[in-house]
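Colleague:
Numbering (this note's numbering), first residue to last: 2 to 102.
1) Determine the extent of the alpha helix (DSSP H) in which residue 68 is found, giving its start and end residues.
2) Just the Cα atoms here: how many angstroms apart are residue 14 and residue 82?
3) Is it the case that the Cβ atoms of residue 37 and residue 80 are separated by a distance below 7 Å?
4) Only counting the same chain, and skipping five residues up and downstream in sequence, which positions put a Cβ closer than 8 Å to that of residue 64?
5) Given a cut-off of 7 Å, decide if residue 34 and residue 28 are closer than it, judged by their beta-carbon atoms.
6) Alpha carbon to alpha carbon, what distance is there between residue 53 and residue 68?
7) Tell me the rounded alpha-carbon separation between residue 61 and residue 55.
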């Protein structure tokens with residue numbers, strides 16, 4: 002599983018304030034989140050590297066495969082830099098939420 006640990010490699014944090022992206026994130030519509038990221042020039046391979054998924058997994062999710070497992074949602078949130086509270090997930094131990102969700 003390939004993940005990128007450098008926060009500077011994640012999408013711009015201001016992206017999560019975009020109304021369309023925020024709606025997809027709060028609905029946990031990961032396929033839509035991935036499609037919106039791709040529309041902003043982030044490749045499926047790069048998304049996969051950020052969230053610990055293969056490019057074929059990212060593609061399957063973009064085509065409609067649902068992501069329901071809490072641990073996978075948490076890994077996606079952390080990998081993309083999405084504030085966990087936007088996805089209705091518990092915060093990471095030892096990390097305080099920043100700003101309003």
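The C-beta atom is built at its ideal place from N, Cα and C for all residues, glycine as well. Fair warning: this is a prediction, and the values are worked out from it, not measured in the lab.
Modeller: To lay it out plainly:
1) Translated into the one-based positions of the chain shown, residue 68 becomes position 67. From DSSP, residue 68 is part of no alpha helix (DSSP H); its letter is neither H nor E.
2) Here the question's residue 14 lines up with position 13 in the chain shown. Here the question's residue 82 lines up with position 81 in the chain shown. Straight-line Cα distance between these residues: approximately 7 Å.
3) As a working note, residue 37 is residue 36 in the chain shown. As a working note, residue 80 is residue 79 in the chain shown. Taking 7 Å as the Cβ cut-off, residue 37 and residue 80 do not qualify as a contacting pair.
4) As a first step, residue 64 is located in the chain shown; it is residue number 63 there, counting from the start. Excluding positions up to five away in sequence, the list reads 32.
5) What you label residue 28 is simply residue 27 of the chain shown in a count that begins at 1. What you label residue 34 is simply residue 33 of the chain shown in a count that begins at 1. Against a cut-off of 7 Å, the Cβ pair of residue 34 and residue 28 comes out as no contact.
6) Position 67 of the chain shown, counted from the first residue, corresponds to residue 68. Position 52 of the chain shown, counted from the first residue, corresponds to residue 53. Cα to Cα, residue 68 sits roughly 14 Å from residue 53.
7) Indexing the chain shown from 1 puts residue 61 at position 60. Indexing the chain shown from 1 puts residue 55 at position 54. Near 10 Å, if we compare the C-alpha coordinates of residue 55 and residue 61.
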